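Participant: Structure incoming, see below.
Number of protein chains: 2
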Amino acid sequence: MAATPGRRVTSADVARQAGLSRATVSYVLNNTPHQSIPEETRQRVLTAAAQLGYSPSAAARALRSGRSDVVLCLLPDWPVGPEVGALLTNLSTALAARGLTFVIHPVIPGDRPVAEIWKAITPAAVLAFEELSDSDVAAMRGAGVASVVALLGSSRRQRRELEVSQQRVGRMQAEHLAATGHTRLGYAYPDDARLRHFAEPRLEGVRTACAELGLDAPLVQVVPLDAPDAAAAVRRWRDNRIGGVCAYNDEVALALLAGLREHGLAAPADLAVIGVDDIPVARLADPPLTTVTTDQNAVAAHLAATVVAVVAGEPQPRPPGSDIVTVTRRGSA
Amino acid sequence: MAATPGRRVTSADVARQAGLSRATVSYVLNNTPHQSIPEETRQRVLTAAAQLGYSPSAAARALRSGRSDVVLCLLPDWPVGPEVGALLTNLSTALAARGLTFVIHPVIPGDRPVAEIWKAITPAAVLAFEELSDSDVAAMRGAGVASVVALLGSSRRQRRELEVSQQRVGRMQAEHLAATGHTRLGYAYPDDARLRHFAEPRLEGVRTACAELGLDAPLVQVVPLDAPDAAAAVRRWRDNRIGGVCAYNDEVALALLAGLREHGLAAPADLAVIGVDDIPVARLADPPLTTVTTDQNAVAAHLAATVVAVVAGEPQPRPPGSDIVTVTRRGSA
DNA sequence: CTACCTTACTGACACGCGCAAGTTACACGT
DNA sequence: ACGTGTAACTTGCGCGTGTCAGTAAGGTAG
Chain A
1 MAATPGRRVT
11 SADVARQAGL
21 SRATVSYVLN
31 NTPHQSIPEE
41 TRQRVLTAAA
51 QLGYSPSAAA
61 RALRSGRSDV
71 VLCLLPDWPV
81 GPEVGALLTN
91 LSTALAARGL
101 TFVIHPVIPG
111 DRPVAEIWKA
121 ITPAAVLAFE
131 ELSDSDVAAM
141 RGAGVASVVA
151 LLGSSRRQRR
161 ELEVSQQRVG
171 RMQAEHLAAT
181 GHTRLGYAYP
191 DDARLRHFAE
201 PRLEGVRTAC
211 AELGLDAPLV
221 QVVPLDAPDA
231 AAAVRRWRDN
241 RIGGVCAYND
251 EVALALLAGL
261 REHGLAAPAD
271 LAVIGVDDIP
281 VARLADPPLT
291 TVTTDQNAVA
301 AHLAATVVAV
311 VAGEPQPRPP
321 GSDIVTVTRR
331 GSA
Chain B
1 MAATPGRRVT
11 SADVARQAGL
21 SRATVSYVLN
31 NTPHQSIPEE
41 TRQRVLTAAA
51 QLGYSPSAAA
61 RALRSGRSDV
71 VLCLLPDWPV
81 GPEVGALLTN
91 LSTALAARGL
101 TFVIHPVIPG
111 DRPVAEIWKA
121 ITPAAVLAFE
131 ELSDSDVAAM
141 RGAGVASVVA
151 LLGSSRRQRR
161 ELEVSQQRVG
171 RMQAEHLAAT
181 GHTRLGYAYP
191 DDARLRHFAE
201 PRLEGVRTAC
211 AELGLDAPLV
221 QVVPLDAPDA
231 AAAVRRWRDN
241 RIGGVCAYND
251 EVALALLAGL
261 REHGLAAPAD
271 LAVIGVDDIP
281 VARLADPPLT
291 TVTTDQNAVA
301 AHLAATVVAV
311 VAGEPQPRPP
321 GSDIVTVTRR
331 GSA
């Protein structure tokens with residue numbers, strides 16, 4: 001390790017040290033094909049680089065090649081649970097295996113516009129959870145960002161990769177409750193407005209499942225994460241002779257269990273409850289929570305494949321099958 | 001918006017459109033001081049840039065200036081809860097207010113080395129949760145990364161910004177249990193090895209608090225997130241006449257409540273339980289969970305100030321006071 | 001009329017890199 | 001002896017910026 005005098009170590013330094021030209025150094029370090037380099041020279045370059053602690057400048061490389069190998073993920077300020085965390089982790093490994101660097105940036109509504117962000121990164125692709133405005137998309141195209149993938153959203157313009165699997169989640173919930181003998185269903189909608197993008201497709205899934213099974217449409221109620229409020233919702237459902245409720249997620253489901261408890265009632269006898277996500281505390285509840293899980297690994301793999309295809313300009317792969325969503329049956333439904 | 005023929009819009013295009021030189025365009029767009037530019041010319045540049053949808057190349061800018069305005073956060077594959085999520089979100093806004101772009105990269109042990117990551121980004125600073133190896137730090141210095149901030153870790157070499165506030169958390173737990181009349185305490189250590197970096201300082205805080213209060217050292221047990229296992233732990237504590245337990249976090253605390261339930265017992269009468277984090281479901285538990293909360297906003301502000309100071313080469317600010325950690329008293333302790 | 005300052009610009013360089021094209025030196029075939 | 005081919009290199013360009021060092025025009029002082 002050389003004593004660095006403040007200056008950055010460049011490939012020119014390595015070349016000088018090895019007594020070669022900069023081009024040769026570049027060829028060796030990048031394993032450029034169709035170049036014949038004797039083993040001795042190669043070693044000379046490698047040791048020189050190691051000695052000086054050389055590492056190429058990402059900026060220069062990006063400038064020269066016109067595109068970086070960074071994939072930028074714009075993450076809204078959702079109360080992110082371990083499932084989204086797992087998805088992002090899996091996505092990172094999946095993209096890393098394909099030579100792409102995955103990077104996340106939180107997007108906060110009041111903050112500076114998203115434009116500022118990708119300008120400072122110049123990513124190869126952008127993965128947006130929320131939908132982007134048309135002007136943003138146009139600007140990104142102009143700035144050389146290869147492409148954009150939206151995951152959820154209301155418009156029909158952008159392809160929404162996660163939408164169908166979210167619908168599938170709602171569908172599984174309804175089907176499980178129907179299979180256990182319930183004919184009148186409720187839906188517990190989250191209180192947090194930021195979760196709308198997830199909640200809508202899930203509710204949509206429940207609705208279509210009910211329609212297909214010949215059941216009445218679900219009775220939807222907003223359920224805050226608070227025992228008394230949840231108790232009020234429980235009362236109304238029971239007044240309407242609702243036997244089973246699909247909760248937006250496990251937290252809402254746990255609120256319902258607390259609401260039942262306030263009335264001195266319990267799932268599943270008085271009201272069957274099914275959640276989503278299988279968070280760690282789900283199995284610790286009283287009764288243990290029945291819930292729907294998604295194989296985040298499979299989702300991540302598909303998302304990674306989509307990004308890679310989009311960057312390479314190839315057609316996008318088919319979405320994963322419906323078998324990635326499964327019911328974990330415990331005590332509450 | 002001009003119809004872009006694939007090519008990137010550069011400042012040269014803007015200059016041509018405005019009938020000026022590239023230098024003048026640069027001066028206008030960067031508000032370079034000590035340059036006299038008449039208002040009319042300035043407007044000419046601005047409208048041309050807007051018309052063409054010009055946005056400067058981050059890569060070129062970084063190459064020229066030698067440093068980017070990106071702060072890279074290396075996030076280990078911890079099961080990240082909403083608290084860490086909130087911390088990251090707050091950090092992002094705090095840094096954005098200071099002109100820095102905050103970006104997160106998940107670090108997975110088996111994956112490629114961290115070196116690959118910052119090479120692809122060239123950040124101005126790196127914020128590492130886990131400790132970095134000395135060779136990594138040296139390499140980063142050499143590559144022009146201004147500096148490094150470690151948050152947690154075992155060595156004494158790097159400053160650990162979060163360490164003290166984590167100790168403070170454990171301290172508050174112990175003090176609350178002592179204040180409610182418990183003299184023999186237990187500590188519920190998490191099962192997940194990845195949480196060690198958080199668990200150690202918290203336990204350390206409990207230990208020192210016990211010592212200062214003249215109590216016996218806490219009886220430490222690993223508690224998996226599973227009712228039967230938790231029940232076994234509960235039994236052992238009660239056999240040792242332990243009256244109150246500090247849980248690593250709310251999830252572990254909820255496991256203890258489930259363990260008590262298996263014995264037909266309940267908090268706080270049979271065993272007082274106090275958690276950490278105040279996750280949403282904490283208030284929904286039976287009994288509602290008493291827990292310790294940290295003001296993530298204040299922590300984020302301090303971290304942001306530290307990063308800014310480090311990038312600017314100024315002395316680091318003082319850590320926040322101990323008042324950022326508070327007890328939320330509910331039913332369980 | 002000359003000397004000098006200010007205004008409003010422009011020309012040119014360097015940042016570090018990848019890669020196309022060019023240059024030796026030497027072996028081989030005829 | 002002469003072209004041809006290949007191994008092992010090197011020279012040089014341009015990616016898009018920010019900025020230093022000019023420079024021509026116009027005004028003002030002496």
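Chains as they are written, first to last, in full-length UniProt numbering: chain A, 1 to 333; chain B, 1 to 333. Using N, Cα and C, we set each Cβ at its ideal position, and we do this for glycine too. Please read these numbers as outputs of a predicted model, since none were measured by experiment.
Pull up the distance between the alpha-carbon of E161 of chain B and that of F129 of chain B, whole angstroms please.
Facilitator: C-alpha separation (whole angstroms): 9 angstroms.
Participant: At what residues does the beta strand (DSSP E) containing Y27 of chain A begin and finish?
Facilitator: That residue, Y27 of chain A, is in no beta strand (DSSP E); its alpha helix (DSSP H) goes R22 to N30.
Participant: Nearest CA to the CA of I279 of chain A: which residue from A:V84, A:C246 and A:P317?
Facilitator: For I279 of chain A, the nearest C-alpha among the options comes from A:V84.
Participant: Can you give me the C-alpha to C-alpha distance between G243 of chain A and L219 of chain A, rounded to a whole angstrom?
Facilitator: Cα-Cα distance, rounded: 11 angstroms.
Participant: Give a yes or no on whether 8 angstroms exceeds the smallest Cβ distance from R329 of chain A to chain B.
Facilitator: False, the Cβ-Cβ gap to chain B never drops below 8 angstroms.
Participant: Please list the segments of the beta strand (DSSP E) lying wholly inside the stretch 247–308 of chain B, counting only runs of 3 or more residues, in order along the chain.
Facilitator: Whole beta strand (DSSP E) segments, 3+ residues: 272–276 and 290–294.
Participant: If you reduce the DSSP assignment to three classes, tell me which class F102 of chain A lands in.
Facilitator: Strand at F102 of chain A.
Participant: Is it buried or exposed for Q43 of chain A, if we count other Cβ within 10 angstroms and need 16 for buried?
Facilitator: Q43 of chain A comes out exposed.
Participant: Of all Cβ atoms in chain B, is any one closer than 8 angstroms to the Cβ of H105 of chain A?
Facilitator: Yes, its Cβ sits closer than 8 angstroms to a Cβ of chain B.
Participant: A59 of chain A CB to nearest chain B CB: under 8 angstroms?
Facilitator: It does; some Cβ of chain B falls within 8 angstroms.
Participant: Is there at least one non-hydrogen atom of the ligand FMN closer than 7 angstroms to the beta-carbon of A199 of chain A?
Facilitator: With respect to the ligand FMN, the structure offers nothing, as it holds no ligand at all.
Participant: Comparing the C-beta of G313 of chain B with each C-beta of chain A, is any distance below 8 angstroms?
Facilitator: No - not a single Cβ of chain A is within 8 angstroms of the one on G313 of chain B.
Participant: How would you label E251 of chain B, buried or exposed, when you count the other beta carbons within 10 angstroms and need 16 or more for buried?
Facilitator: When all chains shown are included, E251 of chain B counts as buried.
Participant: Within the chosen definition, does the stretch 179–194 of chain B reach the stretch 212–227 of chain B through at least 3 CB pairs nearer than 8 angstroms?
Facilitator: In short, these stretches touch, since the Cβ pair count reaches three.
Participant: First and last residue of the beta strand (DSSP E) that includes L151 of chain B?
Facilitator: Neither: L151 of chain B is in no beta strand (DSSP E) and is coded neither H nor E.
Participant: Do you know how far the Cα of P201 of chain B is from the Cα of V164 of chain B?
Facilitator: Looking at the two C-alpha atoms, the distance is approximately 8 angstroms.
Participant: Name, in chain order, the residues that DSSP records as bridge partners for Q221 of chain B.
Facilitator: Beta-bridge pairing links Q221 of chain B to B:A188.
Participant: Which residues of chain A have a Cβ atom closer than 7 angstroms to the Cβ of F198 of chain B, listed in chain order?
Facilitator: Near F198 of chain B there are no residues of chain A at all, since even the closest Cβ is about 15 angstroms away, more than 7 angstroms.
Participant: Taking just the CA atoms, how far does N31 of chain B sit from D229 of chain A?
Facilitator: Looking at the two C-alpha atoms, the distance is approximately 55 angstroms.
Participant: Closer than 8 angstroms, CB to CB, is L219 of chain A near chain B or not?
Facilitator: So no, L219 of chain A is outside the interface.
Participant: Pick out whichever of B:L271, B:P319 and B:E204 has its Cα sitting closest to the Cα of A233 of chain B.
Facilitator: A233 of chain B has its Cα closest to that of B:L271, out of B:L271, B:P319 and B:E204.
Participant: Looking at the structure shown, is T326 of chain B part of a helix, part of a strand, or coil, going by DSSP?
Facilitator: It is a strand residue.
Participant: Taking C-beta to C-beta, are residue 364 of chain B and V28 of chain B nearer than 8 angstroms?
Facilitator: Residue 364 of chain B is absent from the structure shown; chain B starts at 1 and stops at 333.
Participant: Could you spell out where the alpha helix (DSSP H) holding A199 of chain B opens and where it closes?
Facilitator: R196 to L213 is the extent of the alpha helix (DSSP H) around A199 of chain B.
Participant: Give the residues of chain B in contact with P224 of chain A, contact being defined as C-beta atoms less than 7 angstroms apart.
Facilitator: None at all; the shortest Cβ gap to chain B is about 10 angstroms.
Participant: Counting contacts by CB-CB distance shorter than 8 angstroms, is A15 of chain B in contact with chain A?
Facilitator: Taking Cβ atoms only, chain A never reaches closer than 8 angstroms to A15 of chain B, which makes this a no.
Participant: How about G85 of chain A: is its C-beta nearer than 8 angstroms to some C-beta of chain B?
Facilitator: Yes, its Cβ sits closer than 8 angstroms to a Cβ of chain B.
Participant: Could you give the DSSP three-state label for A60 of chain B: helix, strand or coil?
Facilitator: Here A60 of chain B sits in helix by DSSP.
Participant: G170 of chain B: which of B:L254, B:T326, B:G259 and B:P288 sits nearest, CA to CA?
Facilitator: The residue with the shortest Cα to Cα distance from G170 of chain B is B:T326.
Participant: Which value, in whole angstroms, describes the spacing of the CA atoms of L75 of chain B and H105 of chain A?
Facilitator: Each residue's alpha carbon lies about 13 angstroms from the other.
Participant: A231 of chain A lies in the alpha helix (DSSP H); which residues open and close that run?
Facilitator: Residues A227 to D239.
Participant: With distances taken between CB atoms, is the gap from L100 of chain A to A124 of chain A smaller than 8 angstroms?
Facilitator: Going by C-beta atoms, L100 of chain A is nearer than 8 angstroms to A124 of chain A.
Participant: Name the two residues that bound the continuous alpha helix (DSSP H) containing A18 of chain B.
Facilitator: Where A18 of chain B is concerned, the enclosing alpha helix (DSSP H) stretches over S11 to A18.
Participant: Can you grab the Cα-Cα spacing for the pair L195 of chain A / D77 of chain A, in whole Å?
Facilitator: Between L195 of chain A and D77 of chain A, the C-alpha separation is close to 10 angstroms.
Participant: Run through chain B and tell me which residues come within less than 8 angstroms of V308 of chain A, C-beta to C-beta.
Facilitator: Per Cβ cutoff of 8 angstroms: no residues; V308 of chain A is ~16 angstroms from chain B at best.
Participant: Going by DSSP, what residues sit across from L75 of chain B in a beta bridge?
Facilitator: According to DSSP, L75 of chain B bridges with B:P106.
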